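What follows is a single structure, written as structure tokens, with notes after it.
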Amino acid sequence: MNLFINSRIHLIGSLIVLFSFVAGGISSAASVNKQAKSSSENQGSKSNQENFMLTNHMGSKVSLFDYKGKVVILLFGYTHCPDICPTQLADMQRLLEKMGDNADQVQVLFITFDPERDTPKVLKEFLTFFHPSFVGLTGTQEEIASVAQQYNVIYMKREVGSKAGYLIGHSSFVYLLDQQGHLYKWYKQNLEDSNSTLDQMAGDIQQLIMKGSRT
Amino acid sequence: MHILMNRFFWITLICFAFVLSNSTKAQMISHKSKIQVHKAWARATPPYTKNAAIYMILKNNNSANDLLLGVQTTVAKVVELHTVTEEKGMMSMYPVKNISIPAHGTVVLKPGGYHMMLVNLKRQLKVGNHVTLTLQFKHAGEVKLKVPVHKSQRDIHEHHEMKHD
Chain S
442 MNLFINSRIH LIGSLIVLFS FVAGGISSAA SVNKQAKSSS ENQGSKSNQE NFMLTNHMGS
502 KVSLFDYKGK VVILLFGYTH CPDICPTQLA DMQRLLEKMG DNADQVQVLF ITFDPERDTP
562 KVLKEFLTFF HPSFVGLTGT QEEIASVAQQ YNVIYMKREV GSKAGYLIGH SSFVYLLDQQ
622 GHLYKWYKQN LEDSNSTLDQ MAGDIQQLIM KGSRT
Chain G
29 MHILMNRFFW ITLICFAFVL SNSTKAQMIS HKSKIQVHKA WARATPPYTK NAAIYMILKN
89 NNSANDLLLG VQTTVAKVVE LHTVTEEKGM MSMYPVKNIS IPAHGTVVLK PGGYHMMLVN
149 LKRQLKVGNH VTLTLQFKHA GEVKLKVPVH KSQRDIHEHH EMKHD
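Protein chains in written order, with my numbering: chain S, 442 to 656; chain G, 29 to 193.
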């Protein structure tokens, strides 16, 4: 009798544990992606607000809408960052490889938090190392802050006693914009193994490209 | 016959002494190698980039905790130990004085986590190069290693052709 009750309790207990693992696993899965809501009524008034103007790594003024017609991947970071920023850019390079022939329909833009040290020349060397088509964007502190705010990107300059000088803490989402420059989705990668996020991004980009070719 | 006169006694004693001395030597060597380093790699850097990251797995086979106190290399002015924490939605790097490796434990240095930061590189780290590092541990002492430079973490697992652009 006792044995029967014990095994039932064990079974229920195991199921609870298993369920929590599964639930926890799903919720903390490799990527969190959120879809931006935009109704067709809002698009007209919203569209111009989404445009921004910065300086590219050739020293020319460019606007986001200059890239209309291409799917845009937007990243934020700084070149003194040895870990997260190069990891994300290497991942974006891999993503373009996954896109195959469609890679030329994708534009990666990297906006620096550090215009003081990340001059156009520095950005050019940094970005083109990962892929010749990647573009680095800089500007004044105010211009960059304004774009960061547009995408709810937070960042903070920090003196931490490193010989590298000041470091910048920052949120590290990757933003996917459609061919009209509207925010479509954003992603949080698992930096250690980003495969599932990259596959998801590749799928979403393919969808945008197919949608774009139909209109 | 008195034991001291017995040659077998002396032969056995000498053999025993020999074995004992060798095993002590082996112990001394294995004490130094009680920190094992696995899958170490340095991230390739763009030209003129100031800083680089090195990642690895540190395994402590000792029955006592150990501390990674510091790292030296000839390829950069300074090597700092860093950790990354996420606070208020921001990923932030912090220098740490040392990294603790528990007894019979493993610590993984990986993207988005602990890493060694090479500060003010003297040369670009190119794929195919190696970086010589000297790790200083509190108990295990010095561990020297040659770390290969790779473009990404995937390259340390796979063997594939170099992509030609």
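From the three backbone atoms N, C-alpha and C, an ideal C-beta is built for every residue, glycine too.
Remember, it's a predicted structure, so these values are computed and weren't measured experimentally.
- T520, H521, P523, D524, I525, P527, T528, A531: these are the residues of the stretch 499-533 of chain S whose beta carbon lies less than 7 angstroms from some beta carbon of chain G, given in chain order.
- G:I129 is a Cβ neighbour of G:N88, given a cutoff of 8 angstroms.
- Within chain S, P523, D524, S603, A605 have C-beta atoms less than 8 angstroms from the C-beta of G:M145, given in sequence order.
- When DSSP reads this structure, S:V549 sits in a beta bridge with S:I514.
- Residue contact with chain S for G:S128: absent (no Cβ-Cβ distance below 8 angstroms to any residue of chain S).
- Assignment of G:L153 by DSSP, reduced to helix, strand and coil, places it in the coil class.
- Neighbours of G:M84 in chain S, taken as residues whose beta carbon is under 9 angstroms from its own, are absent, since the nearest beta carbon is some 13 angstroms off.
- The alpha carbon of S:L536 has as its nearest neighbour, out of S:M651, S:R655, S:D645, S:K652, the alpha carbon of S:D645.
- Between S:I585 and chain G, the shortest Cβ-Cβ separation is not below 8 angstroms.
- As far as DSSP is concerned, S:L564 takes part in no beta bridge.
- For G:I82, there is no enclosing alpha helix (DSSP H); the enclosing beta strand (DSSP E) covers residues 80-88.
- In the three-state reduction of the DSSP assignment, S:I650 falls in the helix class, which pools H, G and I.
- Counting along the chain, G:R71 sits inside the beta strand (DSSP E) bounded by residues 63-71.
- The contact set of S:G610 on chain G, defined by CB atoms closer than 8 angstroms, consists of E115, M118, M119, S120, M121 in chain order.
- For G:E108, the chain S residues whose Cβ falls inside 7 angstroms of its Cβ are S603, K604, in order along the chain.
- Taking the C-beta atoms as reference points, S:R558 is found nearer than 8 angstroms to S:H521.
- The DSSP-derived three-state label of G:V103 is coil.
- For chain G, the residues of the stretch 554-572 of chain S that bring a beta carbon within less than 9 angstroms of one of its beta carbons are R558, K562, V563, E566, F567, L568, T569, F570, F571, in chain order.
- For S:K539, the enclosing alpha helix (DSSP H) covers residues 525-540.
- Between S:H572 and the set S:M540, S:I609, S:M533, the nearest pair of CA atoms involves S:M533.
- When C-beta distances to chain S are compared with 7 angstroms, the residues of the stretch 167-179 of chain G below that value are K179, in chain order.
- The C-beta distance from G:K179 to G:A104 rounds to 19 angstroms, too long to meet the 8 angstroms contact threshold.
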